[in-house]
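Just so we're aligned: the sequence shown equals residues 353 to 946 in this note's numbering. The C-beta atom is built at its ideal place from N, Cα and C for all residues, glycine as well. Only a predicted model underlies this, so the values are computations on that prediction, with no experimental measurement involved. So the structure is just underneath, and the comments pick up after that.
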Amino acid sequence: MASENSGPSKRELYEACLTGAQDRPYIPRLRSDPPSYQHIPHSLQEFRAQEGPDARDRRLRDLWSRLPQRDPHHEDDDSVQLAGSGADGPTVLADGALTAETARGMQAMYEAELRSRCGAHTSGFFHRGVSWSEFRKYADAKEAELWRIFHDELDLDGNDRLDSEELMHALQRAGIQLSPSTLAEFMTFIASSSHSHAITFPEFRDFLLLMPRKASPKEIFQYYEVRKVASDEARGAARVNMEGDVTLSAEDMSNSHAAAAQQHTDTPLEDLYEGDEEEDEFDDEVDHHSWFEGSTAAKFLAAGGAAGAVSRTCTAPFDRLKIFLITRPPDLGGVSLSSKAPVRGVRAIGSAVARIYSEGGVRAFWTGNGLSVAKILPESAIKFLTYESSKRMFAQHWDHVDDPRDISGVSRFLSGGIGGISSQLTIYPIETLKTQMMSSTGQTKRTLAGAAKKVYAMGGARAFYRGLSIGLVGVFPYSAIDMSTFEALKLAYIRSTGKEEPGVLAILSFGSVSGSIGATSVYPLNLVRTRLQASGSSGHPQRYTGIMDVAQTTYARDGWRGFYRGLLPTLAKVVPAVSISYVVYESTKRKLGV
353 MASENSGPSK
363 RELYEACLTG
373 AQDRPYIPRL
383 RSDPPSYQHI
393 PHSLQEFRAQ
403 EGPDARDRRL
413 RDLWSRLPQR
423 DPHHEDDDSV
433 QLAGSGADGP
443 TVLADGALTA
453 ETARGMQAMY
463 EAELRSRCGA
473 HTSGFFHRGV
483 SWSEFRKYAD
493 AKEAELWRIF
503 HDELDLDGND
513 RLDSEELMHA
523 LQRAGIQLSP
533 STLAEFMTFI
543 ASSSHSHAIT
553 FPEFRDFLLL
563 MPRKASPKEI
573 FQYYEVRKVA
583 SDEARGAARV
593 NMEGDVTLSA
603 EDMSNSHAAA
613 AQQHTDTPLE
623 DLYEGDEEED
633 EFDDEVDHHS
643 WFEGSTAAKF
653 LAAGGAAGAV
663 SRTCTAPFDR
673 LKIFLITRPP
683 DLGGVSLSSK
693 APVRGVRAIG
703 SAVARIYSEG
713 GVRAFWTGNG
723 LSVAKILPES
733 AIKFLTYESS
743 KRMFAQHWDH
753 VDDPRDISGV
763 SRFLSGGIGG
773 ISSQLTIYPI
783 ETLKTQMMSS
793 TGQTKRTLAG
803 AAKKVYAMGG
813 ARAFYRGLSI
823 GLVGVFPYSA
833 IDMSTFEALK
843 LAYIRSTGKE
853 EPGVLAILSF
863 GSVSGSIGAT
873 SVYPLNLVRT
883 RLQASGSSGH
893 PQRYTGIMDV
903 AQTTYARDGW
913 RGFYRGLLPT
923 LAKVVPAVSI
933 SYVVYESTKR
943 KLGV
């Protein structure tokens, strides 16, 4: 009975404080909060004087230089404006009801309306059609409009800050009901810090300055929804898997090239109005570098291949050690497992390192690395082409959308699985040869021709595909676990920091963690596949009748721990492989000009 009358729960108190229904407890001032004693300007002229003409000019010029560019291959502004449902386009106010396709369409409408408001009616890149004087005139008028709605309609207590209670009250008057968590996300998205308790006018102005429509609570929330969905869909740094291979997609290429084009156009701002010759020349350059029509895809694949080659070469000893622990039995110099696995783990790895060195010196740690490097380019190219083709197929026949980027999560996941299976089918014989060479003992001369002859003698062409079925079975669960873990970490990071997109270090960390979890989950399947590939070699002479034979033999000899032999070096290589690959990939892209 005492628990029933103990009062509201902590969660209820939190939501009541968040919505303003109950006074908040004292919270020490954060560095991100406004100063305790701050002069509040009583007019827009006073605010502008407080900001200073130089700072204001720098801010506006920086914003003008980064105006989004108009795609010359898309329809003109008038067509974009008419593409929505009615003159104002679709109105989406239900939280979470805005789809990525609708958000992109509305964002294009916003940009087209902004060009019109700034007096730009010509085709070409955005800021070429908007002069500095036109943009300055628009920015001054928009700032005055935002000043009026902020101080006359939203800031009810006149303290020059918009808190959650005031924002919720304004939205409710507009007929928009938000949960406390959604309201908190809304405020975090606008504020400059995720820890801010209120929105200042500079933050409010900077967020809405490029919103071309008249500001109202309903329009502000709709603009936020469009910006939020667009930022959630945005791509960050290139994904690098735990092997050090770069995962490519057409969106990554187009986004990276668009960023390069934006950087190109940002530099000579003063020269943008000297004539149309430079514009035509740059348009031709963009056409030439189209990922589908030009050589951009080849350059990205080359950069990814170089990154994978360097990364795999630097981390080859980890792979050599893993194969040794998986395939070498104790009677041929391998290590055995016991109930004291944590104690013997380090000793087992030390013994394996000593054995590999005694059989071939330092070079023995790079056995089979040539094949690992040789299969990178064909594997990446096949995976990329199959993945993009599958996305287009799902877009046309399953999701019924025009843009492959708009396919559902299930379709994207299946496309990734199809790409992975296709590349595995193609390069699997190379993987078998590499495993055969790496699992041979020191008394056997390790050559590619010798390994190929031995594999063929054991079963003809089918012998090159031993373990393929169990390998393909592991593709989908690994992709699902890796992808879902990566997206969960990314989403948690964005919500906790308030940033629109994680940085490079965060992306690399997410990739390392998600890849490690995915690899650990399907490691027993990979161990069975590796032993099937290595069977019959001098270092692993045992022959198997199939997958169940490998599983039963492994369990009978080592128990369940036997299915995780070699996992430690597999996980130990993740961080160096991902880091090296990303550094080389970005450096190679800059050298190739993409």
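Terminal residues of the alpha helix (DSSP H) in which residue i lies
| i | result |
| --- | --- |
| R764 | 761-790 |
| I416 | Per the sequence presented here, residue 416 reads as Trp, with Ile not at that position. Element bounds for W416: 405-417. |
| V874 | Careful: V874 lies outside any alpha helix (DSSP H) and carries neither H nor E. |
| W499 | 484-501 |
| E505 | Per DSSP, E505 belongs to no alpha helix (DSSP H) and is neither H nor E. |
| M900 | 899-910 |
| V825 | 820-825 |
| Y916 | Counting along the chain, Y916 falls outside any alpha helix (DSSP H), and DSSP gives it neither H nor E. |
| P532 | 532-542 |
| S933 | 926-944 |
| V807 | 800-811 |
| S889 | Looking at the DSSP string, S889 is not in any alpha helix (DSSP H), and its letter there is neither H nor E. |
| K743 | 728-749 |
Rounded straight-line distance, which links the Cα of residue j to that of residue i
| i | j | result |
| --- | --- | --- |
| D632 | K651 | The predicted model places D632 with a pLDDT of 42, which falls under 50 and marks its position as unreliable; any figure quoted below should be read in that light. Computed Cα separation, rounded: 24 Å. |
| G898 | A924 | 30 Å |
| K735 | S775 | 5 Å |
| F915 | M789 | 22 Å |
| V902 | L879 | 9 Å |
| S690 | L824 | With a pLDDT of only 49 at S690, under 50, the local geometry of the prediction cannot be trusted, and the value read off the model is given with reservation. Taking the straight line joining both Cα atoms gives about 31 Å. |
| S953 | E495 | In the structure as shown, the chain starts at 353 and stops at 946, and residue 953 therefore has no counterpart that could be examined. |
| L677 | T787 | 12 Å |
| I501 | S568 | 7 Å |
| I773 | S760 | 20 Å |
| L800 | L785 | 7 Å |
| P532 | L857 | 31 Å |
| G819 | E783 | 11 Å |
| D409 | G471 | 20 Å |
| P829 | G771 | 14 Å |
| L522 | E505 | Residue identity check: residue 522 is Ala in the sequence provided, not Leu. C-alpha separation (whole angstroms): 8 Å. |
| R814 | K727 | 20 Å |
| Y366 | I551 | 20 Å |
| F746 | D755 | 10 Å |
| F487 | S933 | 42 Å |
| S831 | G863 | 12 Å |
| Q397 | K580 | 32 Å |
6 Å Cβ shell around residue i - same chain, five flanking residues per side excluded
| i | result |
| --- | --- |
| V578 | A455, M458, Q459 |
| H892 | T679, S791, A886 |
| F399 | P393 |
| T940 | A655, A658 |
| Q402 | P393 |
Short Cβ contact (8 Å threshold) for residue i with residue j
| i | j | result |
| --- | --- | --- |
| L561 | A659 | no |
| S887 | Y896 | yes |
| V926 | G870 | no |
| G656 | S732 | yes |
| S767 | K743 | yes |
| S931 | L841 | no |
| A526 | K566 | no |
| P781 | F816 | yes |
Where residue i falls, given that 16 or more other Cβ within 10 Å makes a residue buried
| i | result |
| --- | --- |
| R883 | buried |
| V662 | buried |
| P405 | exposed |
| P921 | buried |
| M539 | buried |
| I392 | exposed |
| E839 | exposed |
| D507 | buried |
| Q904 | exposed |
| K362 | exposed |
| L843 | exposed |
| P620 | Legend: pLDDT at P620 = 39, less than 50; position of this residue unreliable, value from coordinates given subsequently. Under this definition P620 is an exposed residue. |
| V807 | buried |
| E518 | buried |
| R881 | buried |
| W912 | exposed |
| S848 | exposed |
Residues of its chain near residue i, where Cβ-Cβ distance is below 8 Å and the 5 sequence neighbours each way are ignored
| i | result |
| --- | --- |
| P564 | Y462, E465, L466, S468, R469 |
| Y739 | S601, S767, G768, I770, G771 |
| I542 | I551, E555, F556, F559, Y576 |
Sequence-distant residues of the same chain with beta carbon closer than 7 Å to residue i, five excluded per side
| i | result |
| --- | --- |
| L877 | I822, V825, G826 |
| Y907 | G914 |
| D558 | none |
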